[in-house]
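Participant: Residue numbers (our numbering), protein chains in the order written: chain W, 1100 to 1474; chain H, -10 to 297; chain A, 137 to 559; chain L, 464 to 712.
We treat Cβ as the ideally placed atom computed from N, Cα and C, and that holds for glycine.
In this text the structure is predicted, and so the values were computed from the model without any measurement.
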Amino acid sequence: MKRSFSSFMTRQDMVGFAILAVVIFVLLPISLDTFRLNLFGKYLTYAFVAIGLVLCWGAGGILSLGQGVFFGLGGYCMAMFLKLEASTPENTSIQSTPGIPDFMDWNQLTALPAWWEPFHSLAFALFAVVAVPVFFAFIIGVAMFRRRVGGVYFAIITQAFAAILTILIIGQQGYTGGVNGITDLRTLKGWDIRTDEAKEILYYVNGVMLFVVLFAAQFIRKSKLGRLLIAMRDQEDRVRFSGYDVAAFKIFVFCAGAAFAGIGGAMFTLQVGFMSPTLVGIVPSIEMVIFCAVGGRISILGAVYGALLVNWAKTTFSESFPELWLLGLGALFIAVVMVFPNGLAGVYSEHVAPRINRLFNKSAADMAGAKTPAE
Amino acid sequence: MFSDYSMGELGAIFAMQGFAGLILFSVFVLMALGLAIIFGQMGVINMAHGEFMILGAYVTYLTSNFFSAYIPALFGMYFFVAMALAFLASGALGLFVEWAMIRHLYKRPLDTLLATWGLSLILQQIYRSVFGAREVGVTIPDWMIGSLPVTDMIEVPINGIFVMVLAVGISMAVYYMMFRSVWGRQVRAINQNRVMAGAVGINTEWTDRLTFGIGCGVAGVAGSAFTMIGSTGPTAGQLYIVDTFLVVVFGGAASLLGTIASAFSISQAQSIMEFFLSGSMAKVLTLLTVVGILMLRPQGLFALKLRK
Amino acid sequence: MSDKSKSITNTQVSRRAVLAGGAALTASLFAPKHLRAADFPTEAVNTTGLAVTDDTVTIGILHSVTGTMAISETGSVQAEKLAIEQINAQGGILGRKIEYIQEDGASDWPTFAEKAKKLLVNDKVASVMGCWTSASRKAVLPVFEQYNGFLYYPTFYEGLEESPNVIYTGQEATQQIIAGLDWVAKEKGAKSFYLLGSDYIWPRTSNKIARKHIENFLDGAKVVGEEYYPLGHTQFNSVINKIRLKKPDVIYAIVVGGSNVAFYKQLKAAGIDMTKESPIVLTISVTEDEIRGIGGENIEGAYACMKYFQSLENENNAAFVSAFKEMWGDDMVIGDVTQAAYLGPWLWKAAVEKAGSFDVDKVRAATPGIELTSAPEGYVKVHENHHLWSKTRVGKAKLDGQYEVVFETADLVEPDPFPEGYQ
Amino acid sequence: MSTSNPNFVLMVEGLTVSFDGFKAVNDLSFYVEPNECRVIIGPNGAGKTTVLDLICGRTKATSGSVNFKGQELLNMREDQIVHAGVGRKFQTPSVYEDLTVFENLELSYPKGHGVFGALTFRRDDQVKARIKEIAETIFLDDQLDEKAAYLSHGQKQWLEIGMLLIQDPELLMLDEPVAGMSVAERKKTAELLNRIIQDRSVIVIEHDMGFVEDIATRVTVLHQGKTLSEGSMERVQNDPKVIEVYLGH
């Protein structure tokens, strides 16, 4: 047991996870008011996407510029459930067809479309939050990876998907809420998600979900599959001729990334209170890549810090110097690529960790002696 | 849909619709040529392509203001000066960007993509600070406005003809440069075998820089031409980016002819669908078709089958 | 700074001229000289913990300064700042100077919601001037309702909304559409219409109302085509050919943003000379602001249906235009929304002074029936449904980028955000 | 056509591939017996590497048949061909530079090759013992925990051979295994190859004639995508056609 755990997580990993847990569950809640905490909760939902990107891009070399699609699909699935709950016949009595979401009424729909019906069920909605993004990722993955589309081509085609989905959502406003998105979400099974208390609870739920995803990602990375991804990135042919079906692995990791993004999207909807096509398109999709790059594309913990840091900077800078924000963001992109290709995690492991290790090892030497040797 | 019209009217409409498809084709060619040079020959993804185009548009705007303020007599001719200046400005910026950024990233195409996206954000903000957030209105010389009546019913927009002539001209110029000039030979040599090209005395560093510069310059000319048909604002470049990439990728990255063929097929598909369907659905269907075909044939329309 | 104070003196002079001219006296114009903060102790005028001190009151400005919407929203920010400065020069509200906190929505709806919440929860602003697109308003609406904020929203929009926490200073769809269609049918004898728009809720809802009106209320008129293009679309040659095929009397265009520029340039280039009025181009989405990007020569002859044009001839407007240019530069143009945004602070001031309190509930109660005789568009009045009574006007675009007003309704048009028979 | 013949492990018949009309391999046939070491030689561009690519599925053939122990390989995916028992070493050493020698070998261990197999793969004692054994064979048992990036060129070649050995293929295909090696390394490699070709069939592409003589059971000479000559080293060396196009130069 001990042995398998140590291959799952080194001592250094454990320290990293513990620090992050302290930051998310202790430091942020005690130092921030509910409003700021909710904001950080929103930032953390992007971390879900960034973690998925670490697996796909950092480990597997598959750069998707369409992660917003999966984030959006997850978010929309959640939003559809909440919208249906908010659209009771009593709440919507002024509409010509009470009981359907307001935007449908404005678009002359007189009945709920059939594909909305299952979203009356929370269980189905939660299932869909993961299943719908994974389904689309699977289709895209099979089509692309079986035909060995990769690299830049994959990036551009996924970007086109982001564009297509945005146009579709905006164009089919009777069914999707159009450019306004699905707004005015109120309760989850009767529990008002807009109160301060609910926001705090949702923040913690979000934190727990994030750790679930982090552990899943850690499990994948530390399994043989994780090493295979790195191997594929460097020598795809060699992996193939060692008897692996490379496409299947890529499809798997792409689907995993999509599932993470979908969960993030659902948490976004819950915390922010609406979902709109602006979170699906090309620009947010690329921004999600930069969260991952800033954190360090090879580190799942780095991805979380990257998402937090960039979004915090975005909020802070755009409050004080809105005009400079884009310059800053652009410079950040360039700097991360040219100067810190391994992002925060790289800076940490190259400059900070060695020093900490020196300190840590001295005191840890005694402890290690007390422990039963693991290997 | 057509029962109320005479054959003559229908014929005229279809002729004009065919012409609309050709204009769209020319627009696509202009958008994509610069990118095709850069992506096809160097493997670099330039996400700031749209911003290089908009630089050309702003140069055109400045030139038109200069002419109307100082030499109004020659105003009708300013557009040609503007295009040359647009080429030089975007090209010069391209040379600089290659030197400062791209050359460090040749082995990391995905990273180039991110870095140039960062560049595009910076350029957008610079345009916004310099020219304001609003679109600027570029005054077009009178002779370029309006249309030529070919028959009683068929009218052909002059700026459309201009864009077409320009697209043909630039394609020919690029073709000539690629296949007849020393630079073209060097570019192709580097594309095939960088180490060997360097060994036989080709200055690969300078050739790369020049290639990137020329690609950006062509984008600038395209941007200059687009002031006639589209808007000139800090974020206008973003409108073109998805279409441009799809045209290049669909054509098969390494082939100029492929780019032109792909521009032709996408523009015709879009123009025909736009005529029979509503605008948004036409766009979605065009994109889906292109993506669908790319999934079946990822190497694009015109990639050569090569020994691996 | 001296420039600005001079401009304010000018407007005061002209406002006095308005008064002398016998216009109705309103609280907002006449009262300031008598209101001193000391007469309104803070604990009395602010019982809900808003950001009100003994000599200041803080409000929020929430628009996009960056991103794609910055183009459109800049004018609104400028107008709101001008109004605030003018109000302060007159002594403020209840003897308190207005201070503002400006936040950037960055053309991103979640950011709007986030910043709205910050303004209401952290900054405790007494009211907010802000939003431009419907999407941003929809995003902030739950926030305003939850925290009982008060928003002044300047844009003409699709209607279908009536929030207790929003005052809509722009027109809802019927106010902008119906009078214009009636006019073009009566004056120009138009019978067939081609409806065209960018693909999102405002053009679609507006065209729906237009279609109902054309088919049900205009004698013998019909809609011969309806089309939507994605936001940012730049190629309109195909639809122009379709229009040729249908030969409508009127092209009713609600294209927005960068698409606008492309549409009019290509329409002109395709040989459709709008000055010949065959077909007539009627739009509700092109203000003077947009013409700057399109170019006067490309849209000359088109008609726009708005409640305000910069060229409007009245003393209020003359003062407003000159003050605006003094503050923001001579090359500024002022569109419909900019004027509507300018009304926001003045309407709020009038409501606060009528209520004698900054409390949102009291201001809300005082708001219906508030009148502004000093409005650049002439005279407006707040309806029970939180929209404004205002006139509808039709302008004809000129080469210089201004509109020539060719028609205005005789009476104020009643706002009707949920129009019966149009849904 | 492709009836299985127990006398042959591999039967290549009428194999053809054309790239835009250029036939890189043209109607090629040859047969490999169990435990045979077949060396393919030929001038540059003769199609040697392409033949290996065709057998292991890296390049799709235009026509012909490749029969391995009764299975038609041309319809199979690369990984399926590997599982059928064909191993392939590339011309330039291709090892996973970011992983350690141990991990490189572990990934080639023939277990856990499906997605879920890979997720649940455990590094048990049997795996460790096997890796240790292979590492000793390829002279790398001291470098197990080193990243592959830090190995010398020759060591990388050995590592790749080790990665094939751990799969225990019945047919091993090596593309220029001694290219770029020092004399000492070359000698060690020949020794290694002689040891590992004992209990399997091997196809080797090689230029170094001394080395070929050391290991070859039979030699096939390719020229312009076709067999020019086939037989023992001695016979091939004395074939006038071969002398003309290849050895004579």
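Where does A:Tyr304 fall in DSSP's three states?
Facilitator: When secondary structure is reduced to three states using DSSP, A:Tyr304 falls in the strand class.
Participant: For H:His93, which three-state DSSP category applies?
Facilitator: It is helical.
Participant: Kindly indicate which residue of W:Val1379, W:Gly1364, W:Ile1269, W:Leu1328 has the alpha-carbon position closest to the one of L:Asn559.
Facilitator: In the sequence under discussion, the amino acid at residue 559 of chain L is Tyr, which differs from the Asn named in the question. Nearest of W:Val1379, W:Gly1364, W:Ile1269, W:Leu1328 to L:Tyr559, Cα basis: W:Leu1328.
Participant: Answer yes or no: does any C-beta atom of chain H fall closer than 8 Å to that of W:Glu1422?
Facilitator: yes
Participant: Over the uninterrupted beta strand (DSSP E) stretch that includes H:Ile27, give me the two end residues.
Facilitator: Counting along the chain, H:Ile27 falls outside any beta strand (DSSP E), and DSSP gives it neither H nor E.
Participant: I'd like to know whether the C-beta of A:Ala398 is nearer than 8 Å to at least one C-beta of chain H.
Facilitator: yes
Participant: Taking the alpha-carbon positions, what's the L:Met644 to L:Lys650 distance?
Facilitator: 9 Å
Participant: When you compare the CB of H:Arg123 with every CB in chain A, is at least one pair closer than 8 Å?
Facilitator: yes
Participant: With W:Arg1339 and A:Gln282 assumed to form a contact (beta carbons below 8 Å), what rounded beta-carbon distance in angstroms separates them?
Facilitator: About 56 Å; that fails the 8 Å criterion.
Participant: When the Cα atoms are used, what is the spatial distance from H:Val127 to A:Ala440?
Facilitator: 22 Å
Participant: Out of W:Leu1407, W:Met1374, W:Ser1398, which has the shortest C-alpha to C-alpha gap to W:Glu1386?
Facilitator: Comparing Cα positions, the closest option is W:Leu1407.
Participant: Would you check if there are 3 or more beta carbon pairs closer than 8 Å linking the stretch 1255 to 1273 of chain W to the stretch 250 to 257 of chain A?
Facilitator: no
Participant: When you compare only the Cα positions, how much space is there between W:Ala1330 and H:Arg97?
Facilitator: 17 Å
Participant: Just checking: is the beta-carbon of A:Gly368 within a distance shorter than 8 Å of some beta-carbon in chain H?
Facilitator: yes
Participant: Pick out whichever of A:Phe554, A:Asp552, A:Phe543, A:Leu548 has its Cα sitting closest to the Cα of A:Lys324.
Facilitator: A:Phe543
Participant: Can you give the beta carbon distance from L:Arg540 to L:Cys519, rounded, assuming they're within the 8 Å contact cut?
Facilitator: The Cβ separation is near 11 Å, so there is no contact.
Participant: Which same chain residues end up closer than 8 Å to W:Val1228 when comparing Cβ atoms and leaving out the 5 residues on each side of it in sequence?
Facilitator: Gly1173, Cys1176, Met1177, Gly1361, Ile1362, Gly1364, Ala1365
Participant: Using alpha carbons as the reference points, say which of L:Pro632, L:Leu568, L:Phe565, L:Leu637 lies closest to L:Glu669.
Facilitator: L:Leu637
Participant: Quick check: the stretch 606 to 614 of chain L against the stretch 555 to 570 of chain L, are there 3 or more CB pairs under 8 Å?
Facilitator: yes
Participant: Measure the Cβ-Cβ separation of A:Gly407 and H:Pro146 and say whether it is below 8 Å.
Facilitator: yes
Participant: By the 9 Å beta-carbon criterion, what residues does the stretch 1371 to 1404 of chain W contribute toward chain H?
Facilitator: Ile1381, Val1382, Ile1385, Val1388, Ile1389, Ala1392
Participant: My parser needs the alpha helix (DSSP H) runs of 4 or more residues fully inside the stretch 177 to 244 of chain H; what are they?
Facilitator: 183 to 188, 193 to 215, 230 to 240
Participant: Do the stretch 404 to 424 of chain A and the stretch 378 to 396 of chain A make contact, defined as three or more Cβ pairs closer than 8 Å?
Facilitator: yes
Participant: Give the range of the beta strand (DSSP E) segment to which A:Leu332 is assigned.
Facilitator: Taken as a continuous stretch (DSSP letters only), the beta strand (DSSP E) holding A:Leu332 covers 328 to 334.
Participant: H:Val280 and H:Leu24 - do their beta-carbons sit closer together than 8 Å?
Facilitator: no
Participant: What are the partner residues of L:Ser481, as DSSP defines its beta bridges?
Facilitator: Residue pairing from DSSP places L:Ser481 in a beta bridge opposite L:Lys486.
Participant: Determine the chain W residues that contact A:Ser270 at a beta-carbon separation under 9 Å, and present them in chain order.
Facilitator: Within chain W, the residues near A:Ser270 are Val1278, Asn1279.
Participant: For A:Ser215, would you say it is in contact with chain H, using Cβ-to-Cβ distances shorter than 8 Å as the test?
Facilitator: Per the sequence shown, the amino acid found at residue 215 of chain A is Ala instead of Ser. False, the Cβ-Cβ gap to chain H never drops below 8 Å.
Participant: Mind listing the chain H neighbours of A:Tyr365? Cutoff is C-beta to C-beta under 8 Å, in chain order.
Facilitator: For A:Tyr365, the neighbours in chain H by C-beta distance under 8 Å run, in chain order, Gly268, Ser269, Lys272.
Participant: Just checking my contact of A:Ser272 with A:Ile195 at CB under 8 Å: how many whole Å lie between their CB atoms?
Facilitator: So it is not a contact: roughly 18 Å between Cβ atoms.
Participant: Which chain H residues sit within Cβ distance under 9 Å of A:Thr509?
Facilitator: Going along chain H, no residue has its Cβ under 9 Å from A:Thr509, so there is no contact; the nearest lies around 32 Å.
Participant: What number of angstroms, rounded off, separates the C-alpha of W:Ala1242 from the C-alpha of A:Phe554?
Facilitator: 47 Å
Participant: Quick check on the DSSP output: the alpha helix (DSSP H) that includes L:Val590 runs from which residue to which?
Facilitator: 588 to 600
Participant: Is it right to say L:Lys523 is buried, meaning 16 or more other beta carbons lie within 10 angstroms of its own, or is it exposed?
Facilitator: With fewer than 16 other Cβ atoms within 10 Å, it is exposed.
Participant: Count the CB pairs spanning the stretch 369 to 378 of chain A and the stretch 316 to 323 of chain A that are closer than 8 Å, and state whether there are at least three.
Facilitator: no
Participant: 8 Å is my cut-off, CB to CB: does W:Thr1282 come that close to chain A?
Facilitator: yes
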